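K.L.:
As structure tokens, this is what we get:
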């Protein structure tokens, strides 16, 4: 677990440094400082409001013990197992089987499941999925993924600005236009790769933590196999409209394979299942 946290910390430092580099390419030292200040402000905003924004994007509806006792009571029992406060529980009206967690800390967390996943999985499998989401809450992964997604998006925006309007050195002279083009191409690619690595590391850790919370690694393994099989043929319009939120889901909700799969924020499902089966063996 410590190794994953160390890797995540290094990757987060890398994406922040990249933000500064892009700022420096646009406006020299002053541009770098301004970019880092902008990044800090965006992170602060994301810290406080990202959960509300994401839930609104997916038109998620909050439920309780009266409106959805099956899901609510399940989450309540798993939260007790994990030693977590009871999170808010939401249902998303989407046929694709998927789920995610959000919130800045365990005291302000929320978990959401699609109607598709509620219909498709058995109770045992759904417990495995919701335990995985609560592991994200326990590890505070939501904050990390939100910051990385926010910075990656800002880097892309800054890089596009550099390409179309050009950069300036510290004396205010126009920079080499070739530099702006290279920054516009390479910076978003590097940010995406770092974001992908952060997300993959956290998914493996949430699989492990979720298996411990539910006490049944095989349940999550079976659920992942079923979700992977069905999710490929069922589009998720909300996720397609907001692709930056795809990393939050238990399974990549975006369509596309081939080269796009190489840049997926989720690790290969086969490897996730293999690790969970190995846990069950132990």
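Numbering (the numbering used here), first residue to last: 10 to 291. Even glycine gets a Cβ: it sits at the ideal position worked out from N, Cα and C. If you're wondering where the values come from, they're calculated on a predicted model, not measured in any experiment.
#1: Assign residue 258 to one of three DSSP states: helix, strand, or coil.
#2: Using the Cα positions of residue 82 and residue 70, report the straight-line distance between them to the nearest angstrom.
#3: List the residues that DSSP assigns as beta-bridge partners of residue 71.
#4: Under DSSP, the alpha helix (DSSP H) around residue 230 begins and ends at which residues?
#5: Buried or exposed: which applies to residue 220, given that a residue is buried once 16 or more other Cβ atoms fall within 10 Å of its Cβ?
#6: Could you give the residue range of the beta strand (DSSP E) that holds residue 88?
#7: Return the chain-ordered list of same chain residues with a C-beta closer than 8 Å to the C-beta of residue 213, the five sequence neighbours on each side being excluded.
#8: Under the rule that 16 or more other beta-carbon atoms within 10 Å means buried, what is residue 131, buried or exposed?
#9: Please go through the same chain and pick out, in chain order, the residues whose beta-carbon is closer than 8 Å to the beta-carbon of residue 288, but skip the five residues on each side of it.
#10: Could you compute how far the alpha carbon of residue 230 sits from the alpha carbon of residue 134?
#11: For residue 245, I'd like the list of residues in its chain whose CB is within less than 7 Å of its CB, leaving aside the five on either flank, ordered along the chain.
#12: Can you list the beta strand (DSSP E) stretches of 3 or more residues lying completely in the region 109-143, in chain order?
#13: Using a C-beta cutoff of 7 Å, does residue 73 count as contacting chain B?
#14: Three-state secondary structure (DSSP) at residue 289?
#15: Does the region 141-148 come close enough to the region 236-254 to have 3 or more Cβ pairs within less than 8 Å?
#16: How would you call residue 67, buried or exposed, if buried means at least 16 neighbouring beta carbons within 10 angstroms?
#17: Does the Cβ of residue 139 have 16 or more other Cβ atoms within 10 Å, making it buried, or fewer, making it exposed?
#18: Is the beta carbon of residue 118 less than 7 Å from the beta carbon of residue 96?
#19: Below 8 Å CB to CB, which residues in the same chain sit around residue 224 once its five sequence neighbours on both sides are set aside?
#20: Are the CB atoms of residue 87 and residue 222 nearer to each other than 7 Å?
#21: In terms of residues, what are the limits of the alpha helix (DSSP H) holding residue 249?
#22: Whose CA, out of 274, 114, 109 and 100, lies closest to the CA of residue 208?
#23: If you drop the 5 nearest sequence neighbours on each side, which residues of the same chain put their C-beta closer than 7 Å to that of residue 254?
P.N.:
Working from what's here:
#1: Taking the chain shown and counting its residues from 1, one reaches residue 258 at position 249. Three-state DSSP puts residue 258 in a strand.
#2: Start at 1 with the first residue of the chain shown, and residue 82 comes out as number 73. Start at 1 with the first residue of the chain shown, and residue 70 comes out as number 61. As the crow flies, the alpha-carbon of residue 82 is around 16 Å from that of residue 70.
#3: Counted from its first residue, the chain shown places residue 71 at position 62. 99, per the DSSP bridge assignment.
#4: In the chain shown, residue 230 corresponds to position 221, counting from 1. According to the DSSP assignment, residue 230 belongs to the alpha helix (DSSP H) that extends over 226-240.
#5: Indexing the chain shown from 1 puts residue 220 at position 211. Classification for residue 220: buried.
#6: Locating residue 88 in the chain shown gives position 79, counting from the first residue. From DSSP, residue 88 is part of no beta strand (DSSP E) but of the alpha helix (DSSP H) over 78-91.
#7: On the chain shown, residue 213 is found 204 positions in, with the first residue counted as 1. Excluding sequence neighbours, residue 213 sits near 13, 276, 281 and 284.
#8: The residue labelled residue 131 in the question sits at position 122 within the chain shown. Of the residues assessed, residue 131 falls on the exposed side of the cut-off, its CB having fewer than 16 other CB atoms within 10 angstroms.
#9: In the chain shown, counting from the first residue as 1, residue 288 sits at position 279. If we look at residue 288 and ignore the five residues flanking it on each side, its Cβ neighbours are 217, 220 and 226.
#10: Counting from 1 along the chain shown, the entry for residue 230 is found at position 221. Counting from 1 along the chain shown, the entry for residue 134 is found at position 125. So the two alpha carbons sit approximately 8 Å from each other.
#11: Within the chain shown, numbered from 1, the residue matching residue 245 stands at position 236. Within the same chain, residue 245 has close Cβ partners 103, 105, 107 and 262.
#12: Fully enclosed beta strand (DSSP E) runs of 3 or longer: 119-123.
#13: In summary, chain B is missing from the structure at hand, where a single protein chain is found.
#14: To locate residue 289, count along the chain shown from 1; it is residue 280. Of the three classes helix, strand and coil, the one that applies to residue 289 here is helix, per DSSP.
#15: Taking one beta carbon from each stretch, the region 141-148 and the region 236-254 have fewer than 3 pairs nearer than 8 Å; the two do not touch.
#16: In the chain shown, the residue the question calls residue 67 occupies position 58. By the neighbour-count rule (16 or more Cβ atoms within 10 Å), residue 67 is buried.
#17: The residue you call residue 139 lines up with position 130 of the chain shown. Only buried fits residue 139, as 16 or more other CB atoms lie within 10 angstroms of its CB.
#18: As a working note, residue 118 is residue 109 in the chain shown. As a working note, residue 96 is residue 87 in the chain shown. In contact: residue 118 and residue 96 (Cβ atoms closer than 7 Å).
#19: The residue given as residue 224 occupies position 215 in the chain shown. A distance below 8 Å between beta-carbons, with the five flanking residues on each side excluded, links residue 224 to the following residues of its chain, in chain order: 90.
#20: Counted from its first residue, the chain shown places residue 87 at position 78. Counted from its first residue, the chain shown places residue 222 at position 213. Yes. Within cutoff.
#21: As a working note, residue 249 is residue 240 in the chain shown. Here the alpha helix (DSSP H) through residue 249 covers 246-250.
#22: Taking the first residue of the chain shown as 1, we reach residue 208 at position 199. When each option's Cα is compared against that of residue 208, the closest is 274.
#23: For this step, residue 254 is matched to residue 245 along the chain shown. 63, 66 and 248.
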